[in-house]
Every structure is written in structure tokens, then in C-alpha cells.
Amino acid sequence: MTSNPDEKKQTDSAEATPARSNFIRDIIDEDNRTGKFDGRVQTRFPPEPNGYLHIGHAKSICLNFGLAADYNGKCNLRFDDTNPAKEEQEYIDAIIENVRWLGFEWGDKVFYASDYFEQLFQWAVQLIKAGKAYVDDLTADQIREYRGTLTQPGKESPHRSRSIDENMDLFERMRKGEFPDGSRVLRAKIDMASPNINLRDPVLYRILHAEHPRTRDKWCIYPMYDFAHGQSDSIEGITHSICTLEFEDHRPLYDWCLDQLGIYHPKQIEFARLNLNYTVLSKRKLIKLVQDKHVRGWDDPRMPTLAGVRRLGYTPEAIRNFCDLIGIAKSNSIAEIGMLQYCVRQDLNKRAQRVMGVLKPLRVVITNYPEDKVEEFDAVNNPEDPTMGTRKVPFSRVLYVEQEDFMENPPNKFYRLSPGREVRLRYAYFIKCVDVIKDEQGNVVELHCTYDPETRGGDAADGRKVKATLHWVSANHAQAAEVRLYDHLFDRANPNEEVEDGDFTAFINPNSLQVLESAWIEPSLAGAAAGSFYQFERLGYFCVDPDSKTDKLVFNRTVSLKDEWAKVQKNQPS
Ligand code: ATP
Ligand code: MG
Numbered sequence: 000m001t002s003n004p005d006e007k008k009q010t011d012s013a014e015a016t017p018a019r020s021n022f023i024r025d026i027i028d029e030d031n032r033t034g035k036f037d038g039r040v041q042t043r044f045p046p047e048p049n050g051y052l053h054i055g056h057a058k059s060i061c062l063n064f065g066l067a068a069d070y071n072g073k074c075n076l077r078f079d080d081t082n083p084a085k086e087e088q089e090y091i092d093a094i095i096e097n098v099r100w101l102g103f104e105w106g107d108k109v110f111y112a113s114d115y116f117e118q119l120f121q122w123a124v125q126l127i128k129a130g131k132a133y134v135d136d137l138t139a140d141q142i143r144e145y146r147g148t149l150t151q152p153g154k155e156s157p158h159r160s161r162s163i164d165e166n167m168d169l170f171e172r173m174r175k176g177e178f179p180d181g182s183r184v185l186r187a188k189i190d191m192a193s194p195n196i197n198l199r200d201p202v203l204y205r206i207l208h209a210e211h212p213r214t215r216d217k218w219c220i221y222p223m224y225d226f227a228h229g230q231s232d233s234i235e236g237i238t239h240s241i242c243t244l245e246f247e248d249h250r251p252l253y254d255w256c257l258d259q260l261g262i263y264h265p266k267q268i269e270f271a272r273l274n275l276n277y278t279v280l281s282k283r284k285l286i287k288l289v290q291d292k293h294v295r296g297w298d299d300p301r302m303p304t305l306a307g308v309r310r311l312g313y314t315p316e317a318i319r320n321f322c323d324l325i326g327i328a329k330s331n332s333i334a335e336i337g338m339l340q341y342c343v344r345q346d347l348n349k350r351a352q353r354v355m356g357v358l359k360p361l362r363v364v365i366t367n368y369p370e371d372k373v374e375e376f377d378a379v380n381n382p383e384d385p386t387m388g389t390r391k392v393p394f395s396r397v398l399y400v401e402q403e404d405f406m407e408n409p410p411n412k413f414y415r416l417s418p419g420r421e422v423r424l425r426y427a428y429f430i431k432c433v434d435v436i437k438d439e440q441g442n443v444v445e446l447h448c449t450y451d452p453e454t455r456g457g458d459a460a461d462g463r464k465v466k467a468t469l470h471w472v473s474a475n476h477a478q479a480a481e482v483r484l485y486d487h488l489f490d491r492a493n494p495n496e497e498v499e500d501g502d503f504t505a506f507i508n509p510n511s512l513q514v515l516e517s518a519w520i521e522p523s524l525a526g527a528a529a530g531s532f533y534q535f536e537r538l539g540y541f542c543v544d545p546d547s548k549t550d551k552l553v554f555n556r557t558v559s560l561k562d563e564w565a566k567v568q569k570n571q572p573s
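The numbering of the sequence shown is our numbering, which starts it at 0 and goes up by one.
As C-alpha cells, this is what we get:
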């Protein structure tokens, strides 16, 4: 049997945990009570297709799609694709796939801000005609200079007082492609002295002779994100436009645009973005990790991207539970990656089949076991779930055990194998180490052991006990495997704060990947499909990597068994 996550029935998030209350739900409840949107709840998840989705986006996806589901509403997947210089079809495709993988649906229509380009252009014209927008010839540097600072008001552009006719003429010609990139922009005419810098005549349109993934070369002027976002929400009839805190200062601009245009007005609500320790969640930084080849790609299992954690073996259920557990807040904080791992363990513990695999093999010869005898033992697939049944595990004279499970001169409290010591082999027999074989350098290369036939199945007929139970595989039957062990990609808890504009890649952990090329896995895993997940007893949860070949499986360790986060929680004063 396999445990390919794709074949598992998705547990419904609403069914897994009842929706927690939060301040956004309070706002929606109040709007429903007063009938503000006629009881309608319509949200959207609006990614910019300029990179892959990460765990932070998952929080926004779970929130927006989750609210829509809970309130019998609708959530649009909308690409805010207004910057062709940075956007690619590859990203659009990956984002669609990742949102589906997380377990969310949006009907048959995917929305794109680029579908509204003509309407947005017409709205820009409407602003010009109302004397509320003008074409500016200042360079980008000059515009920045004229904008002023938090303590100093801005300065008006000399082109601010252009006539409506001249503005119309120039804007039309911008659209026709008569001017080079960066030579002119369309700006809103608001207030160069506003305490909110976003209101100091923000740029609405810029010239960009770049091919757009969807509109191709139809346009050479593109709306700025701030001119597209609020209006796109308005067009789609979004009721609650949920975004992260940094957009709080942009809200007055969105309000200004909607009011000037006299169109439907969604309610914007800001919440704290997710930050995670030991990682970076900025797209700019993630792109750098990929482009500079610090990782193998967007789906490198060390990346916090959804493609990455999927390859690592995280399940959609675990990620959704994590997003639920961290909740929705109004001020920024940093969540513990340990808490995410805790959610992964909790989910996999229920669903992953237990198997035996030896990562760093040490050969064991059972000297009193017949040369060509093979026995099969019944092994329990998951003690948490009896319906998962049992499987057969072959046993023979030559086995592998874990190097770490043997010590020639054991310290106190090391109860595993050592000379003269008896231990249990899981499901099989007690064995006793009688001889240690070394190579010329003195390294232990093989153990000779004896087994006690009276301990078949793992219990002694005379009731004697052993203090350790080891996992093992039969050398002749085992399947060869490569195992990739991961550690945090960064060597410190906050690789973001401490670098400012410096190079955050200086904090990359040089030991974030350890490859074990000669592991052995029990034969029941032969041919396991990429994405299948297992618990290797005593070692952690592992997931089959797409790099696997028929003669050599490749596993990623998803997470170890040790649950540091649960321990931390237990020790917290309550
Ligand atoms: P960019 O700098 O490219 O805009 P972004 O992270 O804001 O990066 P978007 O594609 O604009 O990326 O994000 C889509 C949606 O996901 C937005 O609504 C954004 O607020 C939300 N989002 C992005 N990062 C996080 C995060 N860390 N936590 C919660 N929500 C996030
Ligand atoms: Mg953004």
C-alpha cells in the first residue's frame, strides 16, 4: 500500500477545526448584521506572478478562501499582473497549481488585472478629464526628489498645471508608443504636502515597452499596482479586501481613486503578515536564492515556497492547520518554524506508514542463523490506525543496523548494542554482540552476533528483558536508497533583521543539506511513488523525492521525530 498524498482524501479544513474567531470575522459579522453588503462575502487572493508562492502566502490563501467558505461566499484567484518586467507564465502556472494543492477551489474562472487594462485606461482618462490627473515629464529621480520626506512636504512638478487637453493628448500618445520608457508618467493630482507620502501625486501609469505574458504587445503603458488593485477589487465586487499591514498607508489612495471615479467601494482590512524564524519570505530574496544557485530551484526542499515544502513532504492539511493555529493578528510578529513542524508531525503521525530504513548502515552477521534461511515477520503499519494493517518484513543471516546503534565502549545510559550486550531487533529476535570486526584503520566494519530462537517475534519465552529495540533491514532484501537530511537554510533565527541592505546570503547555513548515499530501506518500499510519505522508525518522517530511480529511491527527511516545539509549549508557564 502506498500513502501518496495525492491519493488521500483531503480533510476539509472546516471539518478539521471549527473556525476560530478573529477581528476580521468580527468585522464581517458586523457587516452582515447591518446588511452593509447585503450579507454577501466576496474575497480574493491577489498574487503578483513575479515568483513562487511561499508559506506566508498560504496564510493569506487560507484566510481568504477560508472566510469565503465559512460565510457561503466566494473567493477569486486574481493575478495582479501589472508589471510585465518581472512577471512570467511559469509563475502563473505554479501559483495556480500551488493553490489547488493547498486544497482550494475557485470555480472555472481565474481573474487577471490585465483583463481590466482597457477599463483602467478609461478610468485614467476620466481622472484627466476631471482635472485629477496629469502627465509629468520629470525623470524618476526627479519625482523622488520632489516627493519630499516624512518630515518635509513635497514640491509640485512644473507640469502639474498642464491643461486637460494637453494631458489627454500626451496620455493618448503614451499609449500609442510615441515615447520611450521612463520619459513620461501619468500622476494623480492630489496633494504634494500630504502627510501621507502615498498621496503626494502618486504615479498611476508608466511607459514600459515590455511583452506581457497575457496581453503580449497590446500595451506599452501599464497601470501601477496601486492604480490597478483597488479598482480590480471594485470591478469584481469584492466585499472585504484583505491585505497585509504595509497597505494600510495605501488605503487613502485606494479610497481617493474609488471616490473620484464614483465606483463600488470594497472594505479594505489589513492584517499582520506571517514571518517565520530561520527563513526569509521576501520574494526578492527568494528569487536571489534561486538565481544565484544557493538552492537547486524554487522547489528545493529547503525553500519556504509551497513547491519546496511540498517536495520536502509537508502536507496541505498540516499547512492549513498551522495557518489556523497561528491565527490572525493586527501587529507583526515572527512565528516559530518549530510550530509548523509540529503541525506536520501531527498530521503525518496519523497517516504515515511506519517502515524500517537504515541511514548509515553497519553490517551484522548472525553467526548462528542458517545461511539460506529467510523468515518473514508481521510489522504493524501504523499503531495510531489499526485499519492500515500489517506487512511482511524479511529477516536473514546478514542484516544492516544503524552505525549509531553500536558503541564499542558505551558510556552509562547507552543501552544499545555493544560487545556482550543483548538487544531486540524490532519484530524479530533478541541478538547479542559476540565479535567486532575492524578494518586496518581500526574502524568497526561488521558485527558478529548470535540470535536466540526463543525470542521469535521480539519477546523472550523466559520473560527476560532488554533495554533497547533497534530497527534493521535484511541485507539481501533491502532496497538501496539515497537519503537527504535537511537543516534550516539560515544559520540564525532572524536572517532578515540583521542584514538590512547587506547580503543576507552571508547567513546561509553551509550544512543545510546532508546527503547519505548508501542507505537501505525495507523491500516493501520498492517502487514507491514520488510524494509517498513514511515514518522511518526512530528516525523521522520521510518523503519520496521525484529524483528517485527504480534501482535507487531518493528520500527527503521531512521532519525528525523529536518534537521540540511541543516540549517548549509544555514548559511554558500557563
Ligand atoms: P511583492 O513584494 O512581490 O508584492 P508579496 O509577498 O506582497 O510580494 P504578492 O504576490 O503581492 O506578494 O502577495 C499576494 C498576497 O499574499 C497579498 O495579498 C499579500 O498581502 C499576501 N502575502 C504576501 N506575503 C505574505 C505573508 N508573509 N503573510 C501573509 N500574507 C502575505
Ligand atoms: Mg504585493
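Glycine included, C-beta positions come from ideal geometry on N, C-alpha and C.
On the DSSP letters alone, give me the boundaries of the beta strand (DSSP E) that K128 sits inside. No beta strand (DSSP E) contains K128, which is instead part of the alpha helix (DSSP H) from F116 to K128.
Under three-state DSSP, which class holds A480? strand
At least three beta-carbon pairs within less than 8 Å, the region 142 to 158 to the region 189 to 197: yes
So, does the region 49 to 69 touch the region 86 to 101, judging by three or more C-beta pairs under 8 Å? Yes: the two stretches touch, three or more of their Cβ pairs being nearer than 8 Å.
Would you mind listing the beta strand (DSSP E) stretches within the region 442 to 529 that are 3+ residues and don't spill past its ends, in chain order? 443 to 450, 471 to 473, 478 to 485 and 512 to 520
What are the boundary residues of the alpha helix (DSSP H) that K58 is part of? I54 to D69
For H208, count neighbouring C-beta atoms within 10 Å of its own C-beta (all shown protein chains included) and say buried if the count is 16 or more, exposed if not. exposed
From this set, R353, A271, F36 and D232, which residue's C-alpha is nearest R425's C-alpha? R353
Considering only heavy atoms of ligand 1, does any lie closer than 6 Å to the CB of S631? Given a span of 0 to 573 for the chain in the structure shown, any question on residue 631 remains unanswerable.
Could you tell me if K466 is buried or exposed, where buried requires 16 or more neighbouring beta carbons within 10 angstroms of its beta carbon? Taking all protein chains shown into account, K466 has fewer than 16 neighbouring C-beta atoms within 10 Å of its C-beta and is therefore exposed.
Heavy atom of ligand 1 less than 6 Å from the Cβ of P46, yes or no? yes
Here's a check: name, in chain order, each residue in its chain whose Cβ is nearer than 6 Å to the Cβ of I220, leaving out the five neighbours to either side. M173, R174, Y204 and I206
For my contact list, Y90 and N63 are in at a C-beta cut-off of 8 Å; report their separation, rounded to the angstrom. Y90 to N63, Cβ: 19 Å. No contact.
Got a sec: does ligand 1 put a non-hydrogen atom nearer than 6 Å to the Cβ of G326? No, the beta carbon of G326 sits no closer than 6 Å to any heavy atom of ligand 1.
Using only alpha-carbon positions, find the residue among T81, Y51, G526 and G106 that is nearest to D92. Y51
When the Cα of Q88 is compared with those of P212, S332 and E165, which residue comes out closest? P212
Give a yes or no on whether the C-beta atoms belonging to R24 and N75 are separated by under 7 Å. no
Would you decide whether Q41 is buried or exposed? Buried here means 16 or more other CB atoms lie within 10 Å of its CB. buried
Pairs of beta-carbons, one from the region 257 to 268 and one from the region 475 to 487, closer than 8 Å: are there three or more? no
Can you tell me where the alpha helix (DSSP H) with R344 in it begins and where it stops? I336 to R350
Distance, Cα to Cα, P4 vs R350? Residue confidence is low: P4 scores 41 on pLDDT, short of 50, so the model does not pin down where it sits. Its coordinate-derived value is still stated next. Their Cα atoms are separated by approximately 9 Å.
Which of the three DSSP states, helix, strand or coil, is assigned to P393? strand
Run the proximity test for N197: is its beta-carbon closer than 6 Å to any non-hydrogen atom belonging to ligand 1? no
Is the separation between the beta-carbon of L311 and that of V363 shorter than 7 Å? No.
Can you give me the C-alpha to C-alpha distance between Q534 and M355, rounded to a whole angstrom? 8 Å
Looking at ligand 1, does it come within less than 6 Å of S59, judged from the CB to the closest heavy atom? yes
Can you tell me where the beta strand (DSSP E) with D434 in it begins and where it stops? F429 to K437
Considering only heavy atoms of ligand 1, does any lie closer than 6 Å to the CB of R310? no
Can H56 be considered in contact with ligand 1, in the sense that its beta carbon sits closer than 6 Å to one or more heavy atoms? yes
Quick check on G307: does DSSP put it in helix, strand or coil? helix
Three-state secondary structure assigned by DSSP to A227: helix
L275 CB to nearest heavy atom of ligand 1 below 6 Å: Outside the cutoff, so no.
From F246 to A474, what does the alpha carbon distance come to, in whole angstroms? Straight-line Cα distance between these residues: approximately 60 Å.
What's the gap between the Cα of F574 and the Cα of R319? With the chain running from 0 to 573 in the structure shown, residue 574 is simply not present.
Using CA atoms only, rank isn't needed, just tell me which of D180, F405 and K217 is closest to T138. D180
Tell me the DSSP secondary structure of V364 in three-state form. strand
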